[in-house]
Amino acid sequence: MNMHKEKKKNLIILFAFAAILSAALIIGIKGDRAQTVATAIINDRSDLMAAENADTVVYESESGVQAVCLNADGTETALSDDIEESAGLEDSETTVVEAKENAAELSLTAFTVTEYETVAKMFASDTVNVRSGAGTDYDKLGKVTWGTEISVTGVTDNGWFEVLYNDLIGYIRGDYMVSEMPGVPFLFVGDSRTVQLQNAVGSTDKAYIAKIGEGYSYFKNTALPAIPEYAGQGTVMIINFGVNDLANANKYIKLVNSNIGAWTSAGITVYYASVTPVGAGCASVSNAQIESFNNKLKEGLDPRVQWIDSYSYLSQAGFSSSDGLHYSKDTYKNLYAYYVSVIQQNQDNMVASSAQ
Numbered sequence: 003m004n005m006h007k008e009k010k011k012n013l014i015i016l017f018a019f020a021a022i023l024s025a026a027l028i029i030g031i032k033g034d035r036a037q038t039v040a041t042a043i044i045n046d047r048s049d050l051m052a053a054e055n056a057d058t059v060v061y062e063s064e065s066g067v068q069a070v071c072l073n074a075d076g077t078e079t080a081l082s083d084d085i086e087e088s089a090g091l092e093d094s095e096t097t098v099v100e101a102k103e104n105a106a107e108l109s110l111t112a113f114t115v116t117e118y119e120t121v122a123k124m125f126a127s128d129t130v131n132v133r134s135g136a137g138t139d140y141d142k143l144g145k146v147t148w149g150t151e152i153s154v155t156g157v158t159d160n161g162w163f164e165v166l167y168n169d170l171i172g173y174i175r176g177d178y179m180v181s182e183m184p185g186v187p188f189l190f191v192g193d194s195r196t197v198q199l200q201n202a203v204g205s206t207d208k209a210y211i212a213k214i215g216e217g218y219s220y221f222k223n224t225a226l227p228a229i230p231e232y233a234g235q236g237t238v239m240i241i242n243f244g245v246n247d248l249a250n251a252n253k254y255i256k257l258v259n260s261n262i263g264a265w266t267s268a269g270i271t272v273y274y275a276s277v278t279p280v281g282a283g284c285a286s287v288s289n290a291q292i293e294s295f296n297n298k299l300k301e302g303l304d305p306r307v308q309w310i311d312s313y314s315y316l317s318q319a320g321f322s323s324s325d326g327l328h329y330s331k332d333t334y335k336n337l338y339a340y341y342v343s344v345i346q347q348n349q350d351n352m353v354a355s356s357a358q
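First residue of the sequence shown: 3, per the numbering used here; consecutive thereafter.
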């Protein structure tokens, strides 16, 4: 009850203050000079006579708090509507929402754009969001994928590009844009197992140079010359040969090591994925032979070639195979996820090391 009375008292005081402002405005309009406005707060309308020296009167009625301006001729001018509006009680919820929206707008990243005289062509180096402003706090308009050609109309002072996107003006972070067609993010080079990996996980942001039943000769004569067509700055290349010609371990080592310098100079990160295990249905090769091949490559490859121990992964995680040599789609998907996790972990470690 006391709290209710206190709120009512505060409301009456608020109305009184607003009444002063409203009356001052009215008197100022009617008079030639500024006047002092006197306001009286009374219990109800029956006390109006007690407020005869006041310019405005505020009192409580059955319909709520009322306010009137006492005119010189004895008439009254109601101020209730003016007061309600002046006191900010009308459309208060809308006002609060608008205030919040305005505050949110003020908190967005500020930027300026230097417009290009002519539209430039650039490419997305990875899948990236297109936003309505030059900051991650702006709304997403959509996204573009690796290799998408983009029309660029300007550059911002905080490192974003202004672009044309679906007939709209959008913004993309500068570190996801390159001036020349970028190397594909992932390039897989291998035999039939790589072909089936492609069938399982698709080709979005990925490229494959692979053929069923092939080995060292295909790698040297066909795959090797084709690598520059796909791989470039930022490409991660995963090589997986050997299951069809385990006796050529030394040849693989020599071929990879003789090209690793050119690959790394081109910005390519190279991985060799170990030959994965076979099941009971495979009579052409044994896991003992595979393990011997893997050990030779792991020891003989240049240190710049990073090793993925996919053999141990599938041996522990298990795999499904109808012929003992090739896997189910689910197994290839799991294997691909393992490749990506190893690569991501290595990239995170490099970032952490460079930050120290």
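Note that CB positions come from ideal geometry on N, CA and C, so glycine has one too.
In the DSSP assignment, residue 257 falls within the alpha helix (DSSP H) that extends over 251-267. Between residue 227 and residue 208, the gap from beta carbon to beta carbon reaches 8 Å or more.
Your pair residue 313 and residue 296 checks out as a contact, with CB atoms roughly 6 Å apart and the cut at 8 Å. Per DSSP, reduced to three states, the secondary structure at residue 153 is strand. Counting along the chain, the unbroken alpha helix (DSSP H) around residue 195 starts and ends at 194-203. Taking C-beta atoms under 8 Å as the contact rule, residue 112 and residue 179 fail to qualify, at a distance of about 21 Å.
Bridge pairing for residue 179: 126 [DSSP]. Cβ contact annotation for residue 203 (same chain, cutoff 8 Å, sequence separation greater than five): 334, 335 and 338, in chain order. A straight line joining the alpha-carbon of residue 200 with that of residue 206 spans about 10 Å. Around the beta carbon of residue 167, a 10 Å sphere encloses 16 or more other beta carbons of the protein chains shown; the residue is thus reported as buried.
When DSSP assignments are scanned along the region 201-230, no uninterrupted stretch of alpha helix (DSSP H) that is 4 or more residues long falls wholly within it. In the structure shown, residue 345 falls within a helical segment according to DSSP collapsed to helix, strand and coil. In terms of Cβ geometry, residue 172 and residue 132 form a close pair [threshold 8 Å]. Rounded to the nearest whole angstrom, the C-alpha separation of residue 293 and residue 247 is 13 Å. Where residue 270 is concerned, there is no enclosing beta strand (DSSP E), because DSSP gives it neither an H nor an E. When the alpha-carbon of residue 241 is set against those of 355, 192 and 161, the nearest one is in 192.
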